[in-house]
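Be aware that the sequence shown starts at 1, since it is given in full-length UniProt numbering, and climbs by one per residue. Note that CB positions come from ideal geometry on N, CA and C, so glycine has one too. The structure displayed is predicted, hence computed values, not measured ones. The structure appears right after this line, and notes come after that.
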Amino acid sequence: MQNVAGGNGEKREEEGRGKRKGKGRRREGEKERKREKGRRKEEGKRRKREKEGEEREKRGKEREEVSRGSSSVRGGERREEEKEREER
Numbered sequence: 001m002q003n004v005a006g007g008n009g010e011k012r013e014e015e016g017r018g019k020r021k022g023k024g025r026r027r028e029g030e031k032e033r034k035r036e037k038g039r040r041k042e043e044g045k046r047r048k049r050e051k052e053g054e055e056r057e058k059r060g061k062e063r064e065e066v067s068r069g070s071s072s073v074r075g076g077e078r079r080e081e082e083k084e085r086e087e088r
């Protein structure tokens, strides 16, 4: 098989540009910045989840109290109604 122009970086070599294409000049500390960004993002997500959990707990407690209160109130009303019926 014949080598194609540009295969194995031949043409680049002929032009004096080296075999491999560079990835551009990486800015200094870029990887670290990206890692830091990822950490901040994760931290934000974690806080959001915690906040959501607390709100759910609050709502659950409120519902519990409301349901308890309403049932006891209803029970009290029923008793009163029964007493009234008995009196009649």
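Consult DSSP for residue i and reduce its assignment to one of helix, strand or coil.
i: Gly29; result: coil
i: Arg17; result: coil
i: Met1; result: In this predicted model, Met1 has a pLDDT of only 49, less than 50, meaning its place in the structure is not dependable; the value taken from the coordinates is given anyway. Correct three-state label for Met1: coil.
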